[in-house]
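Have a look at the structure below before the remarks.
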Amino acid sequence: MLQSLLIKDFIIISHLEVSFEMGFTSITGETGAGKSIFVGALSLLMGRRADSSLIRDGAEKSIIEGLFTDIPYEIQEMLHTLELESGDNSECILRREISKSGKNRSFVNDTPVPLSTMEKIAERLIDIHSQHSNLLLGNSLYILSAIDKMLSDSTPLEKYQKVYRDYKRAQNNLIQLRQQLKKASEEYDYDNFRFKEISVANPQSNEEDTLQEEEKLLQYADSIKEGLLGASQYLERSETDAIEALHKLATIVEKLPSSEEYVERIKSCHIELGDIAADFQRRSEAINADPQRLAEVEERLNLLHHLLDKYHCASTKELVDFQHQLQQRIELFQDGDLTLKDSEREVQELKIQLNKVAATLTKARKLAVTAMEEAIKNTLKSMELPLAEVSFQLEPSEEPKPTGYDEVNFLFAANNKLPLKPVGDIASGGEMSRLMLALKALLAEKGNLPSILFDEIDTGISGRIADKMGKILRQIGSTMQVIAITHLPQIAARGKFQKNIEKHLDSTGAPITSLRSLSEEERIKEVAALLSGNTITQESIGAAKVLLKNND
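So the sequence shown is numbered by the numbering used here: it starts at 50 and just counts up by one.
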């Protein structure tokens with residue numbers, strides 16, 4: 050439930066903090082007092098887009114924050130998955146910040162999140178029903194979603210959705226495979242030619258670097274051999290015998306006191322120089338000029354450079370990788386028929402399985418629809434539509450959809466003597482309001498609604514009908530949180546709690562909007578004002594007391 054709402058520097062609201070209770074709360078207020086501002090602020094937590102025009106004059110940013118408590122397990126799991134948990138797993142704080150700089154931010158439990166993430170969470174916490182929401186009664190997907198919420202068992206829907214995902218994956222893979230085979234077919238001859246040309250050369254990864262090092266060694270073999278031999282001889286010549294000199298130095302130093310460390314270091318140098326001299330000698334003996342091998346290396350490098358340039362490769366490793374790619378494309382084409390048949394078979398098998406689970410889902414929906422039609426008709430009878438008829442007409446679609454093969458038309462007739470027609474084509478504003486309330490009441494009874502805010506659900510109705518609607522709202526509020534913004538005294542009086550939106554001027558003459566809870570006496574006066582207008586009479590006071598007493 051929505052436990053509290055903070056609105057700061059939003060349009061004409063400087064600072065507003067209000068708490069809400071479980072059950073049915075009615076909200077009243079004069080036209081222009083700011084009821085739409087309250088709804089607009091709450092809708093920002095639902096993911097509505099916003100810009101700097103919503104910021105109160107003189108402020109730098111607007112802040113809207115809602116604290117939701119006793120959140121359902123489904124939301125707790127979602128927050129855990131997204132690593133957005135709070136210290137109390139049963140709570141969730143949503144916050145929007147609208148900045149003049151245009152850097153608007155969204156937070157869940159004080160963690161920045163994309164607006165889309167906040168929207169997914171918020172839609173499971175609160176449902177805002179505005180006047181325009183009645184149009185959803187003509188939306189097939191909306192009605193189908195309502196029907197699915199009334200299924201006695203969600204298993205058929207879950208099975209269908211799983212098979213549908215597998216089917217679409219297999220179908221997309223088949224489309225991609227056909228495209229690849231088409232391309233492979235078009236390029237097969239050219240790919241085969243390129244693969245053979247590279248395969249004949251048989252390049253190895255990093256071969257170019259190895260050959261270039263060998264080429265350099267062969268090109269300068271004589272000078273390298275001479276240099277190594279000279280270095281070895283220099284180290285061992287009698288007049289400059291560095292090795293022997295180190296040996297003599299060690300003999301002298303070891304006679305000095307505390308010279309062990311120096312002796313070890315000198316001996317280490319003596320051994321190292323000896324190894325270097327021997328290594329120079331071995332390398333000089335191993336190097337010989339080989340014009341034939343040099344010619345072979347240069348010829349091999351020329352071939353590799355030709356292939357690298359031709360196939361736009363930066364190294365022999367890239368050339369080898371390209372060779373493997375060509376091989377895969379050739380094999381794909383050669384094995385294409387078999388692979389294609391396997392893919393087509395998978396799609397066909399999944400389509401058969403999909404049709405089977407879809408039929409089970411349709412059957413479950415038809416059972417739910419029968420019960421829904423009776424329940425809605427009974428609720429409409431209590432709202433002065435005793436002869437109303439409703440029908441959820443399920444029709445098969447040509448292709449499977451994420452929701453199944455079913456498309457639904459919500460049909461309505463205010464009198465059972467009249468033909469049923471799509472609700473959007475025939476129902477009046479007042480009838481649409483009653484139909485929507487009847488549907489919401491049914492979903493609430495099933496326990497498939499979050500907290501709900503009705504923004505003038507009473508459009509197009511009055512008198513006895515309003516009282517009956519108020520009674521239903523009160524009934525819905527017995528199991529969940531319901532907030533209704535209303536201009537009708539009958540609905541306002543049915544609230545277990547009542548709040549009033551007021552607008553007044555501050556010391557500078559700027560308008561300020563407030564939302565506060567009404568005491569018992571204040572409720573009587575507010576309901577009386579709704580009954581009689583600006584002038585409250587004893588008669589309206591008495592009538593207000595009667596309306597409020599009906600809730601006892």
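All residues carry an ideal CB built from backbone N, CA and C; glycine is no exception. All values derive from a computational prediction rather than experimental measurement.
Does DSSP put lysine 466 in a helix, in a strand, or in coil?
-> coil
Near proline 499, which residues of its chain fall below 7 Å by C-beta distance, leaving aside the five closest residues on each side in sequence?
-> Arg173, Leu174, Ile175, Asp176
Which residues share a DSSP beta bridge with proline 121?
-> BP columns for proline 121 are empty, so no partner.
Please list, in chain order, all residues of the same chain as phenylalanine 546 whose beta carbon is under 6 Å from its beta carbon, the five residues on each side excluded.
-> Residues Glu70, Thr74 of the same chain have their beta carbon placed closer than 6 Å to that of phenylalanine 546, with the five preceding and five following residues left out of the count.
For aspartate 455, the nearest candidate out of Asn464, Ala462, Pro445, Ile501 (CA to CA) | Of the candidates Asn464, Ala462, Pro445, Ile501, the one whose C-alpha sits nearest the C-alpha of aspartate 455 is Pro445.
Every unbroken beta strand (DSSP E) within the region 464-514, with a cutoff of 3 residues, ordered by chain = Segments of the beta strand (DSSP E) lying fully in the region 464-514: 500-504.
Residue burial classification, asparagine 158 (beta-carbon count within 10 angstroms, cutoff 16) = buried
Contact check, aspartate 119 vs methionine 50 under 8 Å by CB: the rounded distance?
-> Correct: roughly 6 Å between the Cβ atoms.
Name the two residues that bound the continuous alpha helix (DSSP H) containing threonine 204.
-> 204-250
Given lysine 495, which residues of its chain have a CB within under 8 Å of its CB, disregarding the five upstream and five downstream residues?
-> Lys198, Met199
What's the gap between the Cα of aspartate 328 and the Cα of proline 340?
-> Near 25 Å, if we compare the C-alpha coordinates of proline 340 and aspartate 328.
Leaving aside the five residues before and after leucine 206 along the sequence, list all residues of the same chain whose C-beta is less than 7 Å from its C-beta, in chain order.
-> These residues qualify, in order along the chain: Asp197, Leu200, Leu410.
Outcome for glutamine 34 when other beta-carbon atoms lying within 10 angstroms are tallied against a minimum of 16 = This structure leaves residue 34 out entirely; the chain is present only between 50 and 601.
If you check the beta carbons only, do glycine 83 and threonine 562 fall under 8 Å apart?
-> yes
Under a three-way DSSP split, which group does asparagine 600 fall into?
-> Correct three-state label for asparagine 600: coil.
Which listed residue (Lys231, Leu133, Asn153) has its alpha carbon closest to that of serine 111 = Asn153
Can at least three beta-carbon pairs, one atom from the region 224-238 and one from the region 377-386, be found at a separation below 8 Å?
-> yes
For serine 581, which residues from the same chain have a beta carbon less than 7 Å from its beta carbon, with the 5 sequence-adjacent residues on both sides left out?
-> Excluding its 5 nearest sequence neighbours in each direction, serine 581 has C-beta neighbours in its own chain below 7 Å: Ser589, listed in chain order.
Report the rounded CA-to-CA distance for glutamine 261 versus serine 364, giving the unit in angstroms.
-> Between glutamine 261 and serine 364, the C-alpha separation is close to 12 Å.
Going by the CB atoms, is the gap between glutamine 530 and alanine 515 shorter than 8 Å?
-> For alanine 515 and glutamine 530, no; Cβs fall outside 8 Å.
Is the beta carbon of phenylalanine 117 less than 8 Å from the beta carbon of glutamine 52?
-> yes
Through-space distance from lysine 426 to glycine 478, alpha-carbon basis | 18 Å
Using alpha carbons as the reference points, say which of Ser179, Glu348, Arg98 lies closest to serine 165.
-> Arg98
Those residues which DSSP pairs with glutamine 442 across a bridge = Asn458
Please go through the region 132-194 and give each complete beta strand (DSSP E) segment of 3 or more residues, from N-terminal end onward.
-> 141-148, 154-157, 160-162, 175-178
Using alpha carbons as the reference points, say which of Glu448, Leu486, Arg414, Glu422 lies closest to methionine 432.
-> Leu486
Kindly list the residues whose CB is nearer than 6 Å to the CB of isoleucine 109, restricted to its own chain and excluding five residues on each side of it in sequence; keep chain order.
-> Looking at the sequence shown, residue 109 is not isoleucine but glutamate. Taken in chain order, the residues that qualify are Lys149.
Option in Asn458, Arg565, Thr508, Leu399 with minimal Cα separation from alanine 195 = Asn458
Residues in its own chain within less than 8 Å of leucine 356 by CB, not counting five upstream and five downstream?
-> Glu246, Ile247, Ala250, Pro252, Cys362, Leu368
So what does DSSP say about isoleucine 540, is it helix, strand or coil?
-> helix
Counting Cβ pairs closer than 8 Å, one from the region 447-454 and one from the region 395-410, do we hit at least three?
-> yes
Under a Cβ-count criterion, where at least 16 other Cβ atoms within 10 Å of its own Cβ denotes burial, should serine 527 be classed as buried or exposed?
-> exposed
Have a look at Ile301, Arg378, Ile56, Leu65 and flag the residue whose alpha-carbon is nearest the alpha-carbon of leucine 93.
-> Ile56
Assigned secondary structure, histidine 361 (DSSP; H/G/I helix, E/B strand, else coil) = coil
Determine which residues share a DSSP beta bridge with histidine 553 and list them.
-> Ile561
Do you know whose CA, among Leu131, Leu185, Asp202, lies nearest isoleucine 684's CA?
-> This structure cannot speak to residue 684, because the chain is shown only from 50 to 601.
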